[in-house]
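*Asks:*
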Amino acid sequence: WPSSHSKDEL
Amino acid sequence: MNIFRLAGDMTHLASVLVLLLKIHTIKSCAGVSLKTQELYAIVFATRYLDIFTSFYSIYNTLMKLIFLGSSFSIVWYMRYHKTVRRTYDREQDTFRHWFLVLPCLLLALLIHEKFTFLEVLWTFSLYLEAVAILPQLVLLQRTRNIDNLTGQYVFLLGGYRGFYILNWIYRYLTEPHFVHWITWIAGLVQTLLYADFFYYYFQSWKNNKKLQLPA
Chain A
1 WPSSHSKDEL
Chain B
1 MNIFRLAGDM THLASVLVLL LKIHTIKSCA GVSLKTQELY AIVFATRYLD
51 IFTSFYSIYN TLMKLIFLGS SFSIVWYMRY HKTVRRTYDR EQDTFRHWFL
101 VLPCLLLALL IHEKFTFLEV LWTFSLYLEA VAILPQLVLL QRTRNIDNLT
151 GQYVFLLGGY RGFYILNWIY RYLTEPHFVH WITWIAGLVQ TLLYADFFYY
201 YFQSWKNNKK LQLPA
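In order, the protein sequences belong to chains A and B. Sequential numbering of the first sequence, starting at 1, is according to the working numbering. Sequential numbering of the second sequence, starting at 1, is according to the working numbering.
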């Protein structure tokens, strides 16, 4: 999954 | 994605499914706090506002829809379903959960990563999720008989954030610049709130006796 900021988490 | 985060998401999904199973099959929400369910609905509504603006993966969007759908349908069941609503012990579930919402909102307005509408609400959802379980834990201490499904629900709900903490450690070690103190501290507080529940849950599981929290 891309993007290091944590918005890619649930 | 790493195994810790996947385990966390699956544990979280399992907790929601256990609760939906209980409510949908035995048409009972005895021992379940509506206040906690309402707080969780607010958590997901404010956390997933970006569902239409940013796309990460099918998995991410699908899980967001599942969590949104399940949390709001649980609140609907407990408020409006003719059979289920009768099993809700209103007198015991008296935690003033709005006293949790306001401080979290104020804290999000003070401490956040960026001062934008989405970011402040996202931060608010993190703080609110950390304390959302409190009405449920208070209710469990009041209702002596904790049935298995409710106990499993709380156990899984507490476990998922524990996996997320492992995920954050893993991502901190493997991804440069992955530092999110707000998320980490909120997640740690959330998991610590379950500490005594976990202790009594394991005790009851080890001695194979009914789960009872001290009053």
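A virtual CB, placed ideally from N, CA and C, is assigned to each residue, including glycine.
What does B/MET10 touch in chain A if you count any residue whose Cβ is under 8 Å from its own?
*Replies:* Here the premise fails: no neighbours, minimum Cβ distance about 11 Å.
*Asks:* So for A/LYS7, helix, strand or coil by DSSP?
*Replies:* Looking at A/LYS7 - three-state DSSP - the assignment turns out to be helix.
*Asks:* Comparing the C-beta of B/MET78 with each C-beta of chain A, is any distance below 8 Å?
*Replies:* Answer no: the Cβ-Cβ gap between B/MET78 and chain A never drops below 8 Å.
*Asks:* Give a yes or no on whether 8 Å exceeds the smallest Cβ distance from B/ASN208 to chain A.
*Replies:* It does not; no Cβ of chain A falls within 8 Å.
*Asks:* Whose Cβ in chain A lies nearer than 8 Å to the Cβ of B/ARG5?
*Replies:* Result: GLU9.
*Asks:* Contact criterion: CB-CB distance below 8 Å. Does B/SER71 meet it with respect to chain A?
*Replies:* No, B/SER71 does not count as interfacial toward chain A.
*Asks:* Check for me: the alpha helix (DSSP H) holding B/HIS12 runs from which residue to which?
*Replies:* Run containing B/HIS12: 3 to 25, per the alpha helix (DSSP H) assignment.
*Asks:* Using 8 Å as the threshold, is the region 179 to 192 of chain B in touch with the region 37 to 47 of chain B, meaning 3 or more CB pairs across them?
*Replies:* The region 179 to 192 of chain B, when compared against the region 37 to 47 of chain B, does not touch it at the 8 Å Cβ threshold.
*Asks:* Rounded to whole angstroms, what's the CA-CA distance from B/GLY158 to B/TRP98? Just pull it up for me.
*Replies:* Approximately 22 Å, taken between the alpha carbons.
*Asks:* Is the beta carbon of B/VAL101 closer than 8 Å to that of B/LEU128?
*Replies:* In contact: B/LEU128 and B/VAL101 (Cβ atoms closer than 8 Å).
*Asks:* Can you tell me whether B/GLY158 sits near the ligand ZN, meaning its C-beta is under 7 Å from at least one heavy atom of the ligand?
*Replies:* By its list of ligands, the structure shown contains no ligand whatsoever, and the ligand ZN lies outside what it can speak to.
*Asks:* From the DSSP output, in three-state form, read off B/ASN167 for me.
*Replies:* Looking at B/ASN167 - three-state DSSP - the assignment turns out to be helix.
*Asks:* Taking 8 Å as the CB-CB limit, is B/LYS64 close to chain A?
*Replies:* At least one chain A Cβ lies under 8 Å of B/LYS64.
*Asks:* With a threshold of 7 Å on Cβ separation, who are the neighbours of B/LEU121 within its own chain once the five nearest residues in sequence on each side are excluded?
*Replies:* Closer than 7 Å at the Cβ level, and outside the excluded window around B/LEU121, lie THR46 and LEU49.
*Asks:* Tell me which residue opens and which closes the alpha helix (DSSP H) that B/VAL138 is part of.
*Replies:* Residues 134 to 142.
*Asks:* Answer yes or no: does any C-beta atom of chain A fall closer than 8 Å to that of B/SER54?
*Replies:* Chain A, which has a Cβ nearer than 8 Å to the Cβ of B/SER54, makes this yes.
*Asks:* Considering B/PHE44, what are the terminal residues of the alpha helix (DSSP H) in which it resides?
*Replies:* Element bounds for B/PHE44: 34 to 47.
*Asks:* Find the residues of chain A that neighbour B/PHE67, judging by a C-beta separation of less than 8 Å, and give them in chain order.
*Replies:* Within chain A, the residues near B/PHE67 are LEU10.
*Asks:* Looking at C-alpha atoms only, which residue of B/PHE72, B/GLY31, B/ALA132 and B/GLY162 is the closest neighbour of B/CYS104?
*Replies:* Measuring from the Cα of B/CYS104, the nearest candidate turns out to be B/ALA132.
*Asks:* If B/ASN167 sits next to B/GLY8, beta carbons under 8 Å apart, how far is it from one beta carbon to the other, in whole angstroms?
*Replies:* The Cβ separation is near 6 Å, so the contact holds.
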